[in-house]
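Peer 1: One structure coming up, written as structure tokens, with questions to follow.
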Amino acid sequence: MKLAPQDNVAVALRALRAGETVMLEGTAHIVDRDIAVGHKLAARTIAPGETIVKYNCPIGVATQPIPAGACVHTHNVASSYLPTYTLPK
Amino acid sequence: MLQGFLRADGRKGIRNVLVVAYLVECAHHVAREIATPFRERGVHLIGFPGCYPNAYALAMMEKLCTHPNVGGALLVSLGCEGFDKRQLAKVVEASGRPARMLGIQDAGGTRRTIDAGREWVERTLATLTTHAPVAMRADELVVGTICGGSDATSGLTANPAMGIAFDLLLADGAAAIFEETGELIGMEHLMAARAANAALGLELKRTVAKAAEYYATLGYASFAPGNADGGLTTIEEKSLGAYAKSGQAKIAGIIKPGIAPPRKGLYLLDVVPDGEVRFGFPNINDNAEIVELIACGSHVILFSTGRGSVVGSAIAPVVKVCANPETWQRMQDDMDIDAGRILEGRATLPEVGREIYDLIGRVANGEPTRSEALGHQEFILTYKSFEPLGPACLPAH
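Written out as structure tokens, the structure reads:
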């Protein structure tokens, strides 16, 4: 679901599997990787440098092109303030 | 109708605990040994580990030992530490509470101090049980809020539901405190628009800018790897969720650790130290923030968690609001409220907000929270330094 009409990302209300087709506002999108509950997917194609908008708030900037339906997370988005710290996998 | 324990300063507490406080790490073991046999009887261990003097730590200990939920205090000193124990003892005694200071070097070592301490605690507990509660109004309540172990569900369920509970409490005339300016980075413009006046709005923006600069110097945002595993991508996204805890009310002012809200309303607690970075991370973990909320007079703490935190606190009950339905399935024994039902479509945000509000009333009247029932009494206090509040931080009504 999208939290606000202006958003370019949607939130998964259930776990989604890679390759699954999801309907978002009447459009079918193919999910590019497993997406856990609460994680984000692109609601439309997002260009590099574009601001990611969730609940009508800027939450970061795309670092690469993101196709509609693709998972939106630390691999393709960076903070405008402070870098995100994750442990090595 | 609520019930509370009346203190000499007119404030009322929703618990009547006895604190045993060590004034340097060297007295920690002795203080813990004194308190442990009385753990189930409302005796809580608090303390400050450092041996160097620090005005912030002294002020925090003064506020904590004279918190409305505290009925008496035993101070345990080694004897040679830098903490200003006489000043602390003077403040606790002046508050009308039973107070006693034991010096381990004077008392003759570990065993003698433990014996003397336990004897004092036993005697004082007997007097505390004769303390009859009095009627307490909802507008005498101070509630603090924090999130910990956040994930992407926190901002969708638990945090906005707590915001609704905050709005209900504020409508009753209570004071509510939200915090962690480092987790409001990116929200400064929205927050400034809710300020009681323009000057306060400017201060709110300054407070967040200070936090961003502080964390930038340290090289990390207030963002744990688990936050990213839970679907939060950036500090701004974490902030967006954290900000939802504050509800919809106007922001009445900014306070700093140890300063009680001067009147009813919604306050931002500025937890990031002033001046150059000196003692490290502003709050090294969630309990450091909880302790600061309590030192501002919070009777009860609302704690939202997505990944699943289990902590409670000394002095004030912690209400755990679980944001994630999967976490609830695994850890419901630790949780007070199942806000993940909102995600599953089994409850609405206003319903869960009302549920939290109702539970606060019951907890204020003595119902133990899950963390209290499980014996959680976490406490941590470290070094910090603050300048006094600026004149624009607390506008007159």
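Same order as they appear, the protein sequences are chains A and B. Position 79 of the first sequence, counted from 1, bears residue number 79 in this note's numbering, the numbering being contiguous throughout. Position 207 of the second sequence, counted from 1, bears residue number 296 in this note's numbering, the numbering being contiguous throughout. A virtual CB, placed ideally from N, CA and C, is assigned to each residue, including glycine.
If I measure Cβ to Cβ from B:Arg367 and keep anything under 7 Å in the same chain, skipping five residues before and after, which residues do I get?
Peer 2: As a working note, residue 367 of chain B is residue 278 in the second sequence. Once the five neighbours on either side are set aside, the close Cβ partners of B:Arg367 are Ser474.
Peer 1: Does the contact criterion of 3 or more C-beta pairs under 8 Å hold for the segment 376-396 of chain B versus the segment 232-250 of chain B?
Peer 2: Enough Cβ pairs lie closer than 8 Å, so yes.
Peer 1: Listing by chain order, which chain A residues have their CB less than 8 Å from the CB of B:Ala301?
Peer 2: The residue labelled residue 301 of chain B in the question sits at position 212 within the second sequence. Under the 8 Å cutoff, chain A gives Tyr81 and Leu82.
Peer 1: Who does B:Arg189 pair with in a DSSP beta bridge?
Peer 2: On the second sequence, position 100 is the one that residue 189 of chain B refers to. BP columns for B:Arg189 point to B:Leu163.
Peer 1: Determine the contact status of B:Ala146 and B:Leu483, defining contact as a CB-CB distance below 8 Å.
Peer 2: Within the second sequence, residue 146 of chain B is the residue found at index 57, counting from 1. Within the second sequence, residue 483 of chain B is the residue found at index 394, counting from 1. Not a contact, by the Cβ cut-off of 8 Å.
Peer 1: Are the CB atoms of B:Ala403 and B:Leu134 within a distance shorter than 8 Å?
Peer 2: As a working mapping, residue 134 of chain B is identified with position 45 in the second sequence. As a working mapping, residue 403 of chain B is identified with position 314 in the second sequence. Cβ atoms of B:Leu134 and B:Ala403: closer than 8 Å.
Peer 1: Less than 7 Å between the CB of B:Ile274 and some heavy atom of the ligand SAH, yes or no?
Peer 2: Absence of the ligand SAH from the depicted structure is noted, as is the absence of any ligand whatsoever, leaving it without description.
Peer 1: Just the Cα atoms here: how many angstroms apart are A:Val77 and B:Gly320?
Peer 2: The residue labelled residue 77 of chain A in the question sits at position 77 within the first sequence. The residue labelled residue 320 of chain B in the question sits at position 231 within the second sequence. If you take the alpha carbons of A:Val77 and B:Gly320, they lie about 12 Å apart.
Peer 1: Near B:Pro138, what residues of its chain come up, given a Cβ to Cβ distance below 6 Å and the 5 sequence neighbours on each side ignored?
Peer 2: Within the second sequence, residue 138 of chain B is the residue found at index 49, counting from 1. Glu114.
Peer 1: For the candidate residues B:Gly238, B:Val132, B:Ala281 and B:Gly450, whose alpha-carbon lies nearest to that of B:Arg212?
Peer 2: Residue numbering aside, residue 212 of chain B sits at position 123 when the second sequence is read from its first letter. It is B:Val132.
Peer 1: Hey, could you find the ends of the beta strand (DSSP E) B:Leu391 is sitting in?
Peer 2: Taking the first residue of the second sequence as position 1, residue 391 of chain B is located at position 302. Unbroken beta strand (DSSP E) run through B:Leu391: Val389 to Thr394.
Peer 1: With distances taken from CA atoms, which of B:Arg104, B:Val108, B:Phe255 and B:Leu177 is nearest B:His220?
Peer 2: Here residue 220 of chain B refers to the residue found at position 131 of the second sequence. Selected option, being the one with the closest Cα: B:Arg104.
Peer 1: Could you check what DSSP says for B:Tyr446 in three-state terms: helix, strand or coil?
Peer 2: Here residue 446 of chain B refers to the residue found at position 357 when the second sequence is read from its first residue. Looking at B:Tyr446 - three-state DSSP - the assignment turns out to be helix.
Peer 1: Looking at C-alpha atoms only, which residue of B:Val231, B:Glu208 and B:Val119 is the closest neighbour of B:Ile449?
Peer 2: Taking the second sequence and counting its residues from 1, one reaches residue 449 of chain B at position 360. Taking only the C-alpha atoms, the option nearest B:Ile449 is B:Val231.
Peer 1: CA-CA distance, B:Gln421 and B:Phe267?
Peer 2: As a working note, residue 421 of chain B is residue 332 in the second sequence. As a working note, residue 267 of chain B is residue 178 in the second sequence. Answer to the nearest angstrom: the Cα atoms are 25 Å apart.
Peer 1: A:Lys40 CB to nearest chain B CB: under 8 Å?
Peer 2: In the first sequence, counting from the first residue as 1, residue 40 of chain A sits at position 40. Chain B, which has a Cβ nearer than 8 Å to the Cβ of A:Lys40, makes this yes.
Peer 1: Take A:Pro48 as the anchor and find which of A:Gly38, A:Ala12, A:Val72 and A:Ile35 has the nearest alpha-carbon.
Peer 2: Start at 1 with the first residue of the first sequence, and residue 48 of chain A comes out as number 48. Per the Cα distances, A:Val72.
Peer 1: Per DSSP, B:His117 forms a beta bridge with which residues?
Peer 2: Against the second sequence, residue 117 of chain B aligns to sequence position 28. Answer is none; B:His117 lacks a bridge partner.
Peer 1: At a CB distance below 7 Å, what residues from the segment 278-309 of chain B approach chain A? Give them in sequence order.
Peer 2: Per Cβ criterion, the list reads Ala301, Tyr304, Ala305 and Tyr309.
Peer 1: Whole beta strand (DSSP E) runs in the segment 341-396 of chain B with 3 or more residues, listed along the chain?
Peer 2: DSSP runs (the beta strand (DSSP E)) wholly in the segment 341-396 of chain B: 354-358 and 389-394.
Peer 1: Could you work out which residues of chain A lie near B:Asp240, taking near to mean beta carbons separated by less than 8 Å?
Peer 2: For the purposes of this step, residue 240 of chain B is taken as residue 151 along the second sequence, with counting starting at 1. Within 8 Å Cβ-Cβ: Gly38.
Peer 1: Excluding five sequence neighbours on each side, which residues of the same chain lie with their C-beta closer than 8 Å to the C-beta of B:Gly262?
Peer 2: Your numbering for residue 262 of chain B matches position 173 in the second sequence. So the qualifying residues of the chain are Arg226, Ala227, Asp228 and Lys353.
Peer 1: Taking contact to mean 3 or more Cβ pairs, one atom from each stretch, closer than 8 Å, check whether the segment 373-383 of chain B and the segment 284-297 of chain B are in contact.
Peer 2: Contact between the segment 373-383 of chain B and the segment 284-297 of chain B is absent, because fewer than three Cβ pairs lie under 8 Å.
Peer 1: What does the Cβ neighbour count give for B:Val210, buried or exposed, with the cut at 16 atoms within 10 Å?
Peer 2: If you number the second sequence from 1, residue 210 of chain B lands on position 121. Classification for B:Val210: buried.
Peer 1: Please classify A:Arg17 as buried or exposed, where buried requires at least 16 neighbouring CB atoms within 10 angstroms.
Peer 2: Translated into positions along the first sequence, residue 17 of chain A becomes position 17. A:Arg17 is exposed by the Cβ-count criterion.
Peer 1: Could you name the residues that DSSP lists as bridge partners for A:Thr21?
Peer 2: Counting from 1 along the first sequence, the entry for residue 21 of chain A is found at position 21. Bridge partners of A:Thr21: A:Ile30.
Peer 1: Considering only the alpha carbon of each residue, which of B:Gly192, B:Asp423, B:Glu269 and B:Gly102 lies closest to B:Ser460?
Peer 2: Counting from one through the second sequence, the residue named residue 460 of chain B turns up at place 371. It is B:Asp423 whose Cα lies nearest to the Cα of B:Ser460.
Peer 1: Skipping 5 residues on each side, what residues in its chain have a beta carbon closer than 6 Å to that of B:Glu277?
Peer 2: Along the second sequence, read from residue 1 onward, the residue named residue 277 of chain B stands at position 188. Here the set comprises Lys294 and Val297.
Peer 1: Under the three-state reduction of DSSP, which class applies to B:Tyr111: helix, strand or coil?
Peer 2: To locate residue 111 of chain B, count along the second sequence from 1; it is residue 22. Three-state result, B:Tyr111: strand.
Peer 1: Find the nearest neighbour of B:Glu344 within the set B:Asn316, B:Ser387 and B:Gly308, judged by alpha-carbon distance.
Peer 2: Within the second sequence, residue 344 of chain B is the residue found at index 255, counting from 1. Reading the sequence as shown, one finds Ile at residue 344 of chain B and not Glu. For B:Ile344, the nearest C-alpha among the options comes from B:Ser387.
Peer 1: DSSP on B:Glu268, reduced to helix/strand/coil?
Peer 2: As a working mapping, residue 268 of chain B is identified with position 179 in the second sequence. In the structure shown, B:Glu268 sits in a strand (DSSP, three-state: E or B).
Peer 1: Indicate the three-state DSSP secondary structure (helix, strand or coil) for B:Gly330 in the structure shown.
Peer 2: Numbered from 1 along the second sequence, position 241 holds the residue referred to as residue 330 of chain B. Here B:Gly330 sits in helix by DSSP.
Peer 1: Quick test of your reading: A:His96 and B:Ala412, contact by CB under 8 Å. State the CB separation rounded to the nearest angstrom.
Peer 2: The structure shown has nothing for residue 96 of chain A, since chain A only spans 1 to 89.
Peer 1: What residues from chain A crowd round B:Gly139, counting only those whose CB sits closer than 9 Å?
Peer 2: Taking the first residue of the second sequence as 1, we reach residue 139 of chain B at position 50. Within chain A, no residue comes near B:Gly139; the closest Cβ sits about 27 Å away, beyond 9 Å.
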